[in-house]
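Written out below as structure tokens is the structure these notes cover.
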Amino acid sequence: MKDKRILYVSSEVVPYLPETEISSMSFEAPRMVNKQGGQIRIFMPRFGNINERRHQLHEVIRLSGINLVINDLDMPLIIKVASIPKERIQVYFIDNEDYFKRKATLTDEDGKLFSDNDERAIFFAKGVIETVKKLNWAPDIIHVNGWLASLLPLYLKEFYKTEPLFTESKIVTSVYNQSFEGTLDKDMISKVNFDGLDAETTKLLNQPDYINLMKIAIDNSDAIIRGSEELPKELDTYLNDLTKPVLDYYSIEEFADPYTEFYNNTVLNS
């Protein structure tokens, strides 16, 4: 992976949030590439329950200050950055007072999904892409983890399809068994279509549940990784029927060689 550029976009990363399959792999995979001489960037949301003082987050003024239009409203984008101790790995945080100040991640204290999670997902996807544009950093691979990041492949393939920085980028999505009950806001599809996306590519968002969000990510990716040993049956069948490359599940103890080979020999050659 020497000198290859990989952009990791994840809903959660250790040590900033508790250990899960997503947060652990979103740390271990970049660390692996970093050790192999690759160049990496990690992006995640700056949820309000991340301790900024303990993790030494600070705002990057030169990257902040853009307004992202979400459903016809201007929402200011704030970029913060921190370094993972002992790893020489930088993590960029997408922040906004309205979307990410609350002291929780995706649900309230009763376990109920926040009503604006759909807008947070749109803001996160557009915020990552706009920040990478400001960095002028063209990734060879963009690796997506977690459903809050699931709109990123769609926006790259549709909204930003003429952006030259990403013309050579390959998109990989890891599919996990970390889902949610019910659906996001029923108006999500109109908020996405407000950005002028093709109605055919967004029609699954008429029912914005976990399965359909992941199908949208899969449809707009170049390759897929099974991030969990067991997946919801519908997603399992969907992956089995794909013609694009799918890497089987590997545990955190054994993923390094298969991921490296998949990146180098399959994704970059697809």
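1 is the number of the first residue of the sequence shown in UniProt numbering; add one for each residue after it. Here a beta-carbon is modelled for each residue, glycine too, at the ideal position from N, C-alpha and C. Source: prediction; values computed, not measured.
| query | result |
| --- | --- |
| Rounded straight-line distance, which links the Cα of A149 to that of S11 | 6 Å |
| Own chain residues within Cβ distance below 7 Å of D248, not counting five before or after | R226 |
| Three-state class that DSSP yields for S10 in the structure shown | strand |
| Cβ contact check for the segment 130–144 and the segment 33–50: 3 or more pairs under 8 Å | yes |
| Cβ of V14 within 8 Å of any chain B Cβ | The structure shown contains no chain B; it is built from a single protein chain. |
| Exposed unless 16 or more other CB atoms sit within 10 angstroms - verdict on E144 | First, the residue type needs correcting, since residue 144 is Val and not Glu in the sequence shown. Per the 10 Å Cβ criterion, buried. |
| N- and C-terminal bounds of the alpha helix (DSSP H) containing V132 | N117 to L135 |
| Meets three-Cβ-pair contact criterion under 8 Å: the segment 25–32 and the segment 94–103 | no |
| Best match in K203, F180, F166 and I66 for proximity to S190 [C-alpha to C-alpha] | K203 |
| Whole-number beta carbon distance between N220 and I171, since they are thought to touch under 8 Å | 7 Å |
| Proximity below 8 Å, CB of D140 to CB of L268 | yes |
| Opposing strand residues paired with N67 [DSSP bridges] | P76 |
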